[in-house]
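K.L.:
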Amino acid sequence: MTRKVWFQVGVGVLLALLIIKYFIEIHWIFSPFVIILKAIFIPLLLGGVLYYVTEPIQRFLEKRNWPRWASILTIIIGLIALVGGFGWIVGNPISVQVNNLVKNVPMISASIQDAADYVFKNKDNFPPQLKDFIDNMADSAQHFAVAASKGLVSFLQSVVSVSLLAILIPFFFIFMLKDHEKFAPSVYKYFSGERREWVKKTLSEIDDVLRSYIQGQLQISFLLALIMFVGYLIIGLDYSLLLVIFAFFMNMIPFIGPWIAFTPALIVAIVQDPVLVIWVSVVTLVAQQIDSNFITPNVMGKTLDIHPLTVITVILAAGNIAGFIGIIIAVPFYAVVKVIASNIYDERNAIKKKATKSV
């Protein structure tokens, strides 16, 4: 019976639950390590994203016999020029839109308050299902206000750490560009024979998955943001540049991100002109259809081979466990775990086939 797959899986699940249970009970022991990991994780993550974005450029230059130091220096100068050029081109429009937004915050707040008062005064005339929805939205708004106030305090406290990020992100980024070939050998050197080849293959596949996901997701986010920007300009939506920059970062979250980006655009449309709500919805739907049918299939293809329902489930679970950071890293983390599990399964099957042939 102990050789049955269901028995082995059951034992594995029970052991995992026991480990989680005892870890929760003694989590205070690991608090110092968690604090250190949190301090390092964000700059390491952002440094890794920059590495995977610029690695094709480095590979292109070094194929043409550029030395490593020259390729790294060229990439850094190029990034500085890109950021500076972007700031020079859009800096003034962004500052104008930010100033206008700050000036109009009282009017926007008053408009939202008037709309909310009207809805609550007349909610008895609505169907029961809609009344329940309004009550739930009111509770959610209260919770959001409390969370936002706490988040503001937290944000002000975290401003101090920006200088630390500004130092660590370039450090990790340059280190990855300089020594990225040394990472895999430093891991699989502790193994020998077929096991070494298996570890080497697994690390290579993990690298391919992360590269494909990060580069593909950035391309998708940029193209979606470009489509939405053109759409917002056509319909004359205020603060279109700010909304599109926000949408660019939110679109990096598969499936859910575009609808998060839709929320502030919807609020601006309601305040500016309620008719614009329809047009903002049309722009969002058109962008999503173009993405689903043309952009994502051509950019990502079947690289990750993860079902959309699995993606949504993983994102929601990660959001509850680790907050916004969990939402961002959920899909690539799941993809890495899937690669490892798939390779373990394939290796076990290969061992079983060899054992069967030898018998």
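Just so you know, we're using the working numbering here: the sequence shown kicks off at 1341 and counts up by one. No residue lacks a Cβ here, since even glycine has one placed at the ideal position from N, Cα and C. This one's a predicted model, so the numbers in the text were calculated from it and none came from an experiment.
(1) Give me the residue from E1395, Q1437 and A1690 with the minimum Cα distance to V1584.
(2) For D1519, count neighbouring C-beta atoms within 10 Å of its own C-beta (all shown protein chains included) and say buried if the count is 16 or more, exposed if not.
(3) For L1384, collect the residues of the same chain with a Cβ closer than 6 Å to its Cβ; drop the 5 residues on either side in sequence, then sort them by chain order.
(4) Output needed for A1488: all residues of its chain with C-beta closer than 7 Å, excluding positions within five of it in sequence on either side, in chain order.
(5) Contact check, N1683 vs W1538 under 8 Å by CB: the rounded distance?
(6) Can you list, in chain order, the residues of its chain with a C-beta nearer than 7 Å to that of V1569? Leave out the 5 residues immediately preceding and following it.
(7) Am I right that V1676 and I1554 are in contact with their C-beta atoms under 8 Å? What's the rounded C-beta distance?
(8) With three or more C-beta pairs closer than 8 Å as the rule, is the region 1390-1402 touching the region 1413-1424?
(9) Taking C-beta to C-beta, are P1594 and V1549 nearer than 8 Å?
(10) Can you tell me whether DSSP reads L1577 as helix, strand or coil?
(11) Would you kindly check if the distance between the Cβ of A1609 and the Cβ of L1577 is under 8 Å?
(12) Among F1562, M1447, K1443 and G1571, which has the Cα closest to the Cα of W1619?
(13) If we ignore side chains and look at the alpha-carbon of each, how far apart do V1389 and E1534 end up?
(14) By how many angstroms is the C-alpha of K1403 removed from the C-alpha of S1526?
(15) Does the beta-carbon of N1405 have 16 or more other beta-carbons within 10 angstroms, so that it is buried, or is it exposed?
(16) Quick one: Cα of I1434 to Cα of G1666, how far?
(17) Which whole-angstrom value is the C-beta distance of I1560 and I1635, which I expect to be below 8 Å?
(18) Would you mind giving the Cβ-Cβ distance between V1615 and L1606, rounded to the nearest angstrom? I have them listed as a contact below 8 Å.
(19) Kindly indicate which residue of A1658, P1672 and G1352 has the alpha-carbon position closest to the one of S1552.
(20) If F1586 sits next to P1598, beta carbons under 8 Å apart, how far is it from one beta carbon to the other, in whole angstroms?
(21) Considering only the beta carbon of each residue, do A1565 and K1540 sit closer than 8 Å?
(22) Going by DSSP in three states, L1407 sits in which element: helix, strand or coil?
(23) State the DSSP-derived secondary structure class of D1631, mapped to helix, strand or coil.
(24) Can you check whether the CB of S1411 is closer than 8 Å to the CB of L1422?
(25) Is I1567 near I1630, with beta carbons less than 8 Å apart?
(26) Secondary structure at P1614, three-state DSSP: helix, strand or coil?
(27) For V1353, count neighbouring C-beta atoms within 10 Å of its own C-beta (all shown protein chains included) and say buried if the count is 16 or more, exposed if not.
P.N.:
In brief:
(1) Reading the sequence shown from its first residue, position 244 is the one you call residue 1584. V1584 has its Cα closest to that of Q1437, out of E1395, Q1437 and A1690.
(2) The residue given as residue 1519 occupies position 179 in the sequence shown. The residue is exposed, with fewer than 16 neighbouring Cβ atoms inside 10 Å.
(3) Working through the sequence shown from its first residue, we reach residue 1384 at position 44. So the qualifying residues of the chain are F1512.
(4) Here residue 1488 is taken as the residue at index 148 of the sequence shown, counted from 1. Confidence at A1488 is low in this model, with a pLDDT of 47, below 50, so its placement is unreliable and no value can be given for it.
(5) The residue you call residue 1683 lines up with position 343 of the sequence shown. The residue you call residue 1538 lines up with position 198 of the sequence shown. Their Cβ separation, rounded to whole angstroms, is 7 Å, which keeps N1683 and W1538 in contact under 8 Å.
(6) Locating residue 1569 in the sequence shown gives position 229, where the first residue counts as 1. A small correction: the amino acid at residue 1569 is Phe; Val does not occupy that position in the sequence shown. When the five nearest sequence neighbours on each side are left out, the beta carbons in the same chain lying within less than 7 Å of the beta carbon of F1569 are those of S1580 and V1584, in order along the chain.
(7) Within the sequence shown, the letter at position 336 stands for residue 1676. Within the sequence shown, the letter at position 214 stands for residue 1554. Taking 8 Å as the upper bound for CB-CB distance, V1676 and I1554 are not in contact here, some 12 Å apart.
(8) Segments in contact, yes.
(9) In the sequence shown, the residue the question calls residue 1594 occupies position 254. In the sequence shown, the residue the question calls residue 1549 occupies position 209. Contact: no.
(10) Translated into the one-based positions of the sequence shown, residue 1577 becomes position 237. Note: L1577 maps to coil in three-state DSSP.
(11) Position 237 of the sequence shown, counted from the start, is the residue given in the question as residue 1577. Position 269 of the sequence shown, counted from the start, is the residue given in the question as residue 1609. In contact: L1577 and A1609 (Cβ atoms closer than 8 Å).
(12) Looking up residue 1619 in the sequence shown gives position 279. Checked all of F1562, M1447, K1443 and G1571; the closest Cα to W1619 is G1571.
(13) Reading the sequence shown from its first residue, position 49 is the one you call residue 1389. Reading the sequence shown from its first residue, position 194 is the one you call residue 1534. Approximately 32 Å, taken between the alpha carbons.
(14) Within the sequence shown, the letter at position 186 stands for residue 1526. Within the sequence shown, the letter at position 63 stands for residue 1403. So the two alpha carbons sit approximately 24 Å from each other.
(15) Counting from 1 along the sequence shown, the entry for residue 1405 is found at position 65. N1405 is exposed by the Cβ-count criterion.
(16) Locating residue 1434 in the sequence shown gives position 94, where the first residue counts as 1. Locating residue 1666 in the sequence shown gives position 326, where the first residue counts as 1. Distance between the alpha carbons of I1434 and G1666 is about 29 Å.
(17) Working through the sequence shown from its first residue, we reach residue 1560 at position 220. Working through the sequence shown from its first residue, we reach residue 1635 at position 295. Indeed they touch by this definition, with Cβ atoms about 6 Å apart.
(18) In the sequence shown, the residue the question calls residue 1615 occupies position 275. In the sequence shown, the residue the question calls residue 1606 occupies position 266. Incorrect: roughly 13 Å between the Cβ atoms, too far for contact.
(19) Position 212 of the sequence shown holds residue 1552. S1552 has its Cα closest to that of P1672, out of A1658, P1672 and G1352.
(20) Here residue 1586 refers to the residue found at position 246 when the sequence shown is read from its first residue. Here residue 1598 refers to the residue found at position 258 when the sequence shown is read from its first residue. About 11 Å separates the Cβ atoms of F1586 and P1598, ruling out a contact at the 8 Å cut-off.
(21) What you label residue 1565 is simply residue 225 of the sequence shown in a count that begins at 1. What you label residue 1540 is simply residue 200 of the sequence shown in a count that begins at 1. Cβ distance not < 8 Å, so A1565 and K1540 don't count as in contact.
(22) Taking the sequence shown and counting its residues from 1, the one referred to as residue 1407 is at position 67. It is worth fixing the name first, because residue 1407 is Pro in this sequence and not Leu. Coil.
(23) To locate residue 1631, count along the sequence shown from 1; it is residue 291. D1631: helix per DSSP, three-state reduction.
(24) Within the sequence shown, residue 1422 is the residue found at index 82, counting from 1. Within the sequence shown, residue 1411 is the residue found at index 71, counting from 1. Between L1422 and S1411, the C-beta spacing is not below 8 Å.
(25) In the sequence shown, counting from the first residue as 1, residue 1567 sits at position 227. In the sequence shown, counting from the first residue as 1, residue 1630 sits at position 290. Contact flag set, yes.
(26) Taking the first residue of the sequence shown as 1, we reach residue 1614 at position 274. Look at P1614 here: in three-state DSSP terms it is coil, with no helix or strand label.
(27) Working through the sequence shown from its first residue, we reach residue 1353 at position 13. Counting Cβ neighbours within 10 Å, V1353 comes out exposed, since fewer than 16 surround it.
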